[in-house]
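Reviewing the structure listed below.
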Amino acid sequence: MKTIKLLLVAVIVSFATMAQAQTAEEIIANYFENTGGMDAWNSLEALKFEGAIKVQGMELPMTMIQTKAGKQLSVAEFQGMKFYQGVFDGETMWGTNQMTMAAEKSDAETTANAKLEMNDFGDPFLNYADKGYTVELLGNETIEGTETYKIKLTKEPTMVDGAEVPTVAYYYFDMDNFVPIVIEQDLVSGPGKGMTGQTKLSDYQEAGGIYFPFSIVAGAKGQPGGQEIVIKSVEINPEVSDEMFAFPEGK
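The following block contains the structure:
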């Protein structure tokens, strides 16, 4: 009986070791393979997301556009008005001032950080080594009942109040499907400074041969609520023009 028990323990340890044998590189490779394949991801030139932001029981129509060239915009509609946020034409970042409803340029530091984020089009892990990013598998962790791999992603530092701050995020990949279901990152500026930002990703659906999360909830870790975005459609490589992202001078 003792021998059988020892054999069982050895088998259990063996399976546990096999589970741990995954490397960060292998997990990320499986992620891209399971969500469409590297060829499909690398063929992306632009993405258009149509959906809604849930606010106090209401759904505000929302559109997000991102391009490989680094241009982006996010616009939400409310009572016939359009609110632009995080609009970037490659040089200038701007958005709608919610008090005056006028277009307002971001400060130099915010704009400089936006230029760094141009590398993240499609997915931060896409060709991450070529960008100078590093990844590290920190082990396994159970997130809301789901077994995950915890991967640390380190990117180029950003500027906060004139000083360089490391840019580190922690991604939790579902062990079964190899897709991230939670992203955590320390907040180093803004109202939530000192807290940990948490983004939950779920309801992965196929669009144009690639799988994207259609439910996104962002907020502070351990705090109730959070901003919920529901994606209703994704368009691959839509037609875009430079005018869509340009700051409306004089308006």
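Just add 6 to the spot in the sequence shown (first one is 1) and you have the working numbering.
Glycine residues also receive a C-beta, built at the ideal position from the N, C-alpha and C atoms.
{"Asked": "Taking the alpha carbon of Q28 as the reference point, which residue from N243, E142 and P67 has its own alpha carbon closest?", "Found": "E142"}
{"Asked": "To the nearest angstrom, how far is the alpha carbon of S247 from that of M105?", "Found": "28 Å"}
{"Asked": "Using a Cβ-Cβ cutoff of less than 7 Å, which residues in the same chain neighbour G145 once the five nearest sequence positions on both sides are dropped?", "Found": "K156"}
{"Asked": "Where does N243 fall in DSSP's three states?", "Found": "coil"}
{"Asked": "Note down, one range per segment and in chain order, each alpha helix (DSSP H) of at least 4 residues found wholly within the segment 107 to 156.", "Found": "114 to 122"}
{"Asked": "By a C-beta neighbour count over all protein chains shown, 10 Å radius and 16 as the cutoff for buried, is D180 buried or exposed?", "Found": "buried"}
{"Asked": "Who pairs with T41 in a beta bridge, going by DSSP?", "Found": "DSSP output for T41 lists no bridge partner at all."}
{"Asked": "Please state whether DSSP places D182 in a helix, a strand or coil.", "Found": "coil"}
{"Asked": "Considering only C-alpha positions, which residue in the set N183, M124 and A82 is nearest to E162?", "Found": "M124"}
{"Asked": "Could you tell me which residues DSSP pairs with W47 in its beta bridges?", "Found": "Partner(s): none; W47 has no beta bridge."}
{"Asked": "For E162, which of helix, strand or coil comes out of DSSP?", "Found": "strand"}
{"Asked": "Secondary structure at A252, three-state DSSP: helix, strand or coil?", "Found": "coil"}
{"Asked": "Between A75 and M99, how many whole angstroms is the CB-CB distance? I'm expecting something under 8 Å.", "Found": "So it is not a contact: roughly 15 Å between Cβ atoms."}
{"Asked": "Within 10 Å of its beta-carbon, does G238 have 16 or more other beta-carbons around it, so buried, or fewer, so exposed?", "Found": "The question names Gly, but residue 238 in the sequence shown is Lys. So K238 counts as exposed."}
{"Asked": "What's the C-alpha gap between G203 and G228?", "Found": "9 Å"}
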